[in-house]
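**Student:** To convert, note that position 223 of the sequence shown is 866 in the numbering used here; the numbers rise steadily by one, no gaps.
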Amino acid sequence: FYPDTGLCETYQTKVDCITPRNSVLDAPLCRWNLGDNPGVEAPSCGLVPPPNDFTFQCILVVMSQLVGLPIAFFYDFLIKEFCARRPDLDRWGLSTTYFLGRSTQTMQAAATHEVTQSKLKEVFDEIDERKKKLHQSDIATFLLTQKEKEERYLEEVNFITTRMYGEFAYSTEKEAELLLEEVKAFLDEYIDYQNVPWQSSKISAVRHAKVRAIQQYLGILSDGRATP
Numbered sequence: 644f645y646p647d648t649g650l651c652e653t654y655q656t657k658v659d660c661i662t663p664r665n666s667v668l669d670a671p672l673c674r675w676n677l678g679d680n681p682g683v684e685a686p687s688c689g690l691v692p693p694p695n696d697f698t699f700q701c702i703l704v705v706m707s708q709l710v711g712l713p714i715a716f717f718y719d720f721l722i723k724e725f726c727a728r729r730p731d732l733d734r735w736g737l738s739t740t741y742f743l744g745r746s747t748q749t750m751q752a753a754a755t756h757e758v759t760q761s762k763l764k765e766v767f768d769e770i771d772e773r774k775k776k777l778h779q780s781d782i783a784t785f786l787l788t789q790k791e792k793e794e795r796y797l798e799e800v801n802f803i804t805t806r807m808y809g810e811f812a813y814s815t816e817k818e819a820e821l822l823l824e825e826v827k828a829f830l831d832e833y834i835d836y837q838n839v840p841w842q843s844s845k846i847s848a849v850r851h852a853k854v855r856a857i858q859q860y861l862g863i864l865s866d867g868r869a870t871p
């Protein structure tokens, strides 16, 4: 409504000062100021100040609301409909297969399509299949004795534990290798451990003693040389 572009201060005459019009209000944009002492102070041109009445302030508030409400509604729509929801990355092709690759635990079902499942699921599927066959044989051979049922149950338990150990447990050699790797990593980290001001010297001494004890017990240093 009252743009202060600094243009009014450049006018030197009254005619030039009151000629520019406000493009919004169709009123004079500038006014000619005579000053407090007309005979002493030179007149000057200045911007017409905005009114201080309540009506003008209400007009500004209403126009601000009319301009700001559509923008606020648009942002609220974005926040509630899009930003507050979990994105469906699979629709964009950003699935777990894209980031991690295909699963290596797969099996063929009826030689027509591939089904992904864990090794544990495969074991229990095989157990269920064995139970079905044994149940059919029980019907054919009538009833089993209690001892035979216990022996059969023990066979199933042994079968499960054997498969679980074979699939998920490390062998003796593998466990030994992992243990040696952990020990070597510990020795490499603390073999040249230096005291720092923000750590206790007691902790440093304990770690040094632990490293020396491990080396002495194993009979070998972290670099592969034998202990003296």
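For glycine and all other residues, C-beta sits at the position ideal for the given N, C-alpha and C.
1. In three-state terms, what does DSSP make of residue 703?
2. Residue 770: which of 793, 795, 799 sits nearest, CA to CA?
3. Identify the residues that DSSP records as bridge partners of residue 676: which are they?
4. Who are residue 664's beta bridge partners in DSSP?
5. For the ligand ADP, is there any heavy atom lying closer than 7 Å to the beta carbon of residue 669?
6. Exposed or buried, what is residue 651 when buried is set at 16 or more other beta-carbons lying within 10 Å of its beta-carbon?
7. Are residue 671 and residue 661 close, meaning C-beta to C-beta below 8 Å?
8. To the nearest angstrom, report how far apart residue 674 and residue 699 are at their CA atoms.
9. Alpha carbon to alpha carbon, how far is residue 765 from residue 748? Give it in angstroms, no decimals.
10. What do you get for residue 754, buried or exposed, if any count of 16 or more other CB atoms within 10 angstroms of its CB means buried?
11. I'd like the list of long-range same chain contacts for residue 715, defined as Cβ closer than 8 Å, with 5 residues on each side in sequence excluded.
12. Please determine, among 737, 803, 734, the residue with the shortest C-alpha to C-alpha distance to residue 768.
13. Any idea what DSSP makes of residue 869, helix, strand or coil?
14. Between 772, 654, 801, which has its C-alpha nearest residue 687's C-alpha?
**Tutor:** In brief:
1. helix
2. 799
3. 687
4. 671
5. Of the ligands one can find in the structure shown there are none, so the ligand ADP has no counterpart to examine.
6. buried
7. yes
8. 20 Å
9. Because the pLDDT at residue 748 is just 48, under 50, the model does not fix this residue reliably, and the value given afterwards should be weighed accordingly. Between residue 748 and residue 765, the C-alpha separation is close to 10 Å.
10. Residue placement at residue 754 is poorly supported in this model, since its pLDDT is 42, which falls under 50; the coordinates are not used for a value here.
11. none
12. 803
13. strand
14. 654
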